[in-house]
Amino acid sequence: MARPNILEGKIEIAKAEGFVVFRYVMGKYAPDTPQSNLYHVLQEFRNKFPDLTPVVLVGGRRWRWSEGYKMAVVYKP
3 MARPNILEGK
13 IEIAKAEGFV
23 VFRYVMGKYA
33 PDTPQSNLYH
43 VLQEFRNKFP
53 DLTPVVLVGG
63 RRWRWSEGYK
73 MAVVYKP
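Residues in the sequence shown are numbered consecutively from 3, following our numbering.
Next up, the structure:
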């Protein structure tokens, strides 16, 4: 039996509350380190929308532990 997709569920709830998906991210949940995929996506967000606050939704892990989390950066326009 397939496991429910945690991230998709969180995204559906966020969309119902008026949030928009900025970008999907794979990798380590370490927003403050330049090695992190999330760090680069948040930098890109801040450059594009300096007045908005991004929200990071974290889903489940990928099938290999080393590959980190599935994430989405969302925002409310």
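Every residue, glycine too, gets a C-beta built ideally from N, C-alpha and C. The model shown is predicted, which means the values in this text are computed figures rather than measured ones.
Classification of residue i by the beta-carbon crowding that lies within 10 angstroms, buried from 16 upward
i, result
"E72", "Rather than Glu, the amino acid found at residue 72 in this sequence is Lys. By the neighbour-count rule (16 or more Cβ atoms within 10 Å), K72 is buried."
"A74", "buried"
"V23", "exposed"
"N39", "buried"
Pairwise C-alpha distance: residue j and residue i
i, j, result
"K17", "V57", "12 angstroms"
"M28", "V43", "11 angstroms"
"K12", "D34", "23 angstroms"
"N49", "Y26", "17 angstroms"
Cutoff 8 angstroms; reference residue i; Cβ partners in own chain excluding five residues on either side
i, result
"L9", "L59, V60, G61, G62, K72, M73, A74"
Simplified DSSP state of residue i, which is helix, strand or coil
i, result
"K30", "coil"
DSSP bridge partner residues for residue i (one or two, in chain order)
i, result
"A74", "Y26, L59"
Same chain, Cβ closer than 7 angstroms to residue i, neighbours up to 5 away in sequence not counted
i, result
"G20", "K78"
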